[in-house]
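Residue numbers (our numbering), protein chains in the order written: chain A, 2 to 118; chain B, 10 to 501.
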């Protein structure tokens, strides 16, 4: 676990917090979506790190190999990546339609236009 | 076929959705989705009967046994929920035709019905599956369908409502994903029953505790527990009427079921309420939520928005029942989960009928409704009485059980909070009834809503009264479900 081990998780937490902060703080809807993507990507990294052991081999049977990395987390995160792509696509489509009908994608302006938001 | 019931409930809408998306016109997509949702309801009812005979129905996907493959595990709690989801979908689909033609437009209706089918598929999938990661997948399917459905609302604010729900919903879903990852690292399994077996041995590790916190927070975002409910009022107010009816009746209920499943089956009551301060966190939030949301709903000029805030309050009651951590509290929570689905479904559909004839759901549109649209008006009155918790309606049954559960624990302040919440409901339902009964109609020539809207509404209103008088079926199932859940996931 020395060397790379703990650094992975430091980076993951840094990315996670950066993403969440972007979602909360930025007023531009596209920036919000980018923040959401950074946040999700940090979770993908987390899953990928979970599955790997230092010195572990890929999950193909070989007599010389004693240590295997776990491929299941990688498979799981493939599903989550697809979900992330779909969410981003829907989010961007919504942003386009918001731009068309409000003329802006700045949340502050949207608030002013419709007080009930 | 009977053997495959657990998967058929989910599979039928999944297979039908792309077909519906390819059909043309307004009638075919509607007809096909209605038939499919009726078929799903039939499967769910047969499944409930099967569960009543066997106690537990296990379906292994593709014949792969549980730790390797995904299994569907149906017990009393999710069999009841599946009947609620498919039942509401079966009532909303026939209702949707006229309402959607007016609010969404005929040219968009194939996509609309496909998304509606995907929503009900995602919700039933979450309810049926016994695999923690599979829950995430279905959660995202239903969420993505919900975002598109909300955005189809007439008002342009539907778009911003959908966007903010997308952001909050994704954060909630990702929190859940983080939690599942942490549990997988500690146990090496994603199967809920397996997780329940392996977790007690390592329950004092900080990773498991962190995973628990992430899962509970993520799900609470999805079920709109105060103060994580901010997405809900706008999403319910601006989405098309048929969507609001289905969402308000089922979507948050499924998230509540997932919370129950994790708190009781996967982690077990000893961990959730003993090692973790779940009750101490949830009870204040639930009580503040039910009192504040009820108060806020009194002042709302838009009745749809008023009912949305009332939904937040009702979720407070359900979470309160869960947080008690007793069999009686859990029975009350499950009962209210089912019953609130029936009443909110009916009420939102009534508002849809008002919007169909009057063009809006503001209090001014409800003026003099008793004369112009008497059947719609009386449906609203009965649904409202049920929301308040008047005897002979379902609302009374679940609130009665909740109060009994609080009395059993000796929590008198909670009993008072529940009663005050009901009083507030009298006020906010009362002002609509007053406007409808004594108000002057803006346009006395408006006629009653068409039969295809009224029949589904009255089917649900009848269910509200029927399950309020004949409580044997729902109470028995809820009690059996609570007993199963309290015993934990070790029952194989």
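In this text, a Cβ means the ideal position worked out from N, Cα and C, and glycines have one as well.
If you're wondering where the values come from, they're calculated on a predicted model, not measured in any experiment.
State the DSSP-derived secondary structure class of residue i, mapped to helix, strand or coil.
i: residue 65 of chain A; result: coil
i: residue 66 of chain B; result: strand
i: residue 479 of chain B; result: coil
i: residue 138 of chain B; result: strand
i: residue 58 of chain A; result: strand
i: residue 29 of chain A; result: strand
i: residue 87 of chain B; result: helix
i: residue 71 of chain A; result: coil
i: residue 98 of chain A; result: helix
Is the Cβ of residue i closer than 8 Å to any Cβ of chain A?
i: residue 153 of chain B; result: yes
i: residue 194 of chain B; result: yes
i: residue 146 of chain B; result: yes
i: residue 341 of chain B; result: no
i: residue 183 of chain B; result: yes
Counting only Cβ pairs nearer than 7 Å, list the residues of chain A close to residue i.
i: residue 176 of chain B; result: 24, 33 and 37
i: residue 186 of chain B; result: 44 and 81
i: residue 142 of chain B; result: 77
Return the first residue and the last residue of the alpha helix (DSSP H) that residue i is part of.
i: residue 83 of chain B; result: Not the alpha helix (DSSP H): residue 83 of chain B falls in the beta strand (DSSP E), residues 80-83.
i: residue 109 of chain A; result: 108-114
i: residue 301 of chain B; result: 287-307
i: residue 186 of chain B; result: 166-196
i: residue 318 of chain B; result: 312-333
i: residue 223 of chain B; result: 215-232
i: residue 386 of chain B; result: 383-397
i: residue 511 of chain B; result: Nothing about residue 511 of chain B can be reported from this structure: the residues present for chain B run from 10 to 501 only.
i: residue 115 of chain B; result: It is not in any alpha helix (DSSP H) - residue 115 of chain B carries neither H nor E in the DSSP assignment.
i: residue 250 of chain B; result: 250-255
i: residue 242 of chain B; result: 240-247
i: residue 432 of chain B; result: 421-447
i: residue 571 of chain B; result: Outside the modelled stretch of chain B, which goes from 10 to 501, sits residue 571 of chain B, for which no answer is possible.
i: residue 266 of chain B; result: 261-269
i: residue 35 of chain B; result: Unbroken run through residue 35 of chain B: none, as it is neither H nor E.
Please list the partners that residue i has in chain B, where partner means a Cβ-to-Cβ separation under 9 Å.
i: residue 92 of chain A; result: 156, 172, 175, 176 and 179
i: residue 10 of chain A; result: Residues of chain B passing the Cβ test: none, with the nearest at roughly 11 Å.
Using the rule of at least 16 other Cβ atoms within 10 Å of the residue's Cβ for burial, across every protein chain shown, is residue i buried or exposed?
i: residue 465 of chain B; result: buried
i: residue 146 of chain B; result: buried
i: residue 408 of chain B; result: buried
i: residue 492 of chain B; result: exposed
i: residue 210 of chain B; result: exposed
i: residue 22 of chain A; result: exposed
i: residue 295 of chain B; result: buried
i: residue 15 of chain A; result: exposed
i: residue 352 of chain B; result: buried
i: residue 55 of chain A; result: exposed
i: residue 345 of chain B; result: buried
i: residue 203 of chain B; result: buried
i: residue 454 of chain B; result: exposed
Taking C-beta pairs closer than 7 Å, name the residues in chain B that residue i reaches, listed in chain order.
i: residue 70 of chain A; result: None at all; the shortest Cβ gap to chain B is about 13 Å.
i: residue 48 of chain A; result: 190
Using a C-beta cutoff of 8 Å, does residue i count as contacting chain B?
i: residue 18 of chain A; result: no
i: residue 79 of chain A; result: no
i: residue 51 of chain A; result: yes
i: residue 110 of chain A; result: no
i: residue 15 of chain A; result: no
i: residue 2 of chain A; result: Legend: pLDDT at residue 2 of chain A = 44, less than 50; position of this residue unreliable, value from coordinates given subsequently. For residue 2 of chain A, the answer is no, since every Cβ of chain B falls outside 8 Å of its Cβ.
So which residues of chain A does residue i contact, with C-beta pairs closer than 8 Å?
i: residue 149 of chain B; result: 84, 87 and 88
Can you find a heavy atom of the ligand FMN that lies under 7 Å from the Cβ of residue i?
i: residue 255 of chain B; result: No copy of the ligand FMN appears in this structure; indeed no ligand is present at all.
In chain B, what lies closer than 8 Å to residue i by C-beta?
i: residue 30 of chain A; result: 172
i: residue 102 of chain A; result: 165 and 168
Can you name the residues of chain E whose CB is closer than 9 Å to the CB of residue i?
i: residue 160 of chain B; result: Absent here is chain E; the protein component of the structure consists of chains A and B.
Would you mind telling me which residues of chain A sit closer than 9 Å to residue i, beta carbon to beta carbon, in chain order?
i: residue 385 of chain B; result: What residue 385 of chain B touches in chain A: nothing, since even the nearest Cβ is about 26 Å away.
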